[in-house]
Every structure is written in C-alpha cells, then in structure tokens.
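Read in our numbering, the sequence shown has 30 at position 30, and its numbers run on one by one without any break.
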Amino acid sequence: MNTKNNMILQKGQDITENVRFCKYNSATGKYDVTFQNVKTYNYNYLSIEWLRDPKEINPVVSK
Numbered sequence: 001m002n003t004k005n006n007m008i009l010q011k012g013q014d015i016t017e018n019v020r021f022c023k024y025n026s027a028t029g030k031y032d033v034t035f036q037n038v039k040t041y042n043y044n045y046l047s048i049e050w051l052r053d054p055k056e057i058n059p060v061v062s063k
C-alpha cells in the first residue's frame with residue numbers, strides 16, 4: 001500500500017504499513033483487507049477508515 005497517498009486505520013490504529021491491498025466489497029458491505037503476509041480479512045465498514053490523498057500540514061503555520 002502506498003503510504004504516501006493512503007492511510008488505513010482499523011479502530012483508530014494505523015495498519016497501513018501491514019496492508020498490501022484494501023477494497024470495499026459492496027456485496028458484503030465490508031472492507032476486504034489483504035495484509036503483507038497475503039492473508040485477507042473482512043472488516044466491518046465502521047471498523048476501517050481509509051484516508052486518501054492527505055494534505056500536508058505545515059507545523060509552523062498550524063500553531
């Protein structure tokens with residue numbers, strides 16, 4: 001998973017580095033998350049937060 005453009009949170013925990021692939025399955029209403037060890041798990045829609053194309057925040061300006 002491209003960590004520069006994506007962040008995957010599972011119940012608030014950042015799991016991005018462990019994720020190989022993530023997609024929403026509209027048939028089940030769940031996310032199918034494939035990890036680096038090639039195992040795929042299904043997660044409830046509310047358990048996963050997928051942040052895409054984040055904007056960079058300048059810490060000097062945001063104080």
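Glycine included, each C-beta is placed from N, C-alpha and C at the ideal position.
Cβ neighbours of residue i in the same chain (closer than 8 Å, five flanking residues each side left out)
{"i": "Ile-48", "result": "Ile-8, Leu-9, Gln-10, Cys-22, Tyr-31 and Val-33"}
Among the options, nearest to residue i - alpha-carbon criterion
{"i": "Asn-2", "options": "Trp-50, Asn-25 and Ser-26", "result": "Trp-50"}
{"i": "Ala-27", "options": "Thr-40, Ile-15 and Tyr-45", "result": "Tyr-45"}
{"i": "Lys-98", "options": "Asp-14, Arg-20, Val-60 and Pro-59", "result": "Nothing about residue 98 can be read from this structure; the chain reaches only from 1 to 63."}
Sequence-distant residues of its chain with Cβ nearer than 7 Å to residue i (five each side left out)
{"i": "Tyr-43", "result": "Gln-10, Lys-30, Tyr-31 and Val-33"}
{"i": "Tyr-41", "result": "Val-33"}
{"i": "Val-14", "result": "The sequence as given places Asp at residue 14; Val does not occur at that position. For Asp-14, where only same-chain residues beyond five positions count, the Cβ hits under 7 Å are Met-7."}
{"i": "Arg-52", "result": "Asn-5 and Asn-6"}
Residue j beta carbon less than 8 Å from that of residue i
{"i": "Asn-18", "j": "Gln-36", "result": "yes"}
{"i": "Thr-16", "j": "Asn-6", "result": "yes"}
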